[in-house]
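> Let me give you the structure first, and then I'll get to my questions.
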Amino acid sequence: MTVERIGPLDPASNIKKPDKPAKTRAKSDVDSINVSSEARSKSEVLKTVETAKAAPNVRADRVEEIRRKLQDPSYPSQEVIEKTAEGIMKSFGI
């Protein structure tokens with residue numbers, strides 16, 4: 031009995047070799063991205079919220095007291111406005 035060769039001895043020789051890869055674009059020196067105005071505004075809101083959450087000395091009872099006072103139409107007197115303005119200027123070092 032004789033055995034005849036059916037195909038090549040290397041089984042990987044039947045696999046189709048891939049085509050050469052297409053040439054890639056030339057590398058640019060600078061990468062860039064475009065950020066939409068909507069993304070910028072959402073980023074600003076997120077940053078503001080995180081800053082507010084991290085702020086020390088936020089007392090909910092005082093905030094609620096001020097809200098109630100602002101509901102009263104007689105509260106914002108000239109004296110209150112001047113003291114508030116002075117406090118703001120002092121906090122900014124003006």
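Per the working numbering, the very first residue in the sequence shown carries number 31; after that it's consecutive. In this text, a Cβ means the ideal position worked out from N, Cα and C, and glycines have one as well.
Using the Cα positions of LYS99 and TYR105, report the straight-line distance between them to the nearest angstrom.
As a first step, residue 99 is located in the sequence shown; it is residue number 69 there, counting from the start. As a first step, residue 105 is located in the sequence shown; it is residue number 75 there, counting from the start. C-alpha separation (whole angstroms): 6 Å.
> For ASP27 and ASP61, I'd like the C-alpha separation in whole angstroms.
With the chain covering only 31 through 124, there is no way to say anything about residue 27.
> On the DSSP letters alone, give me the boundaries of the alpha helix (DSSP H) that VAL88 sits inside.
On the sequence shown, residue 88 is found 58 positions in, with the first residue counted as 1. Unbroken run through VAL88: none, as it is neither H nor E.
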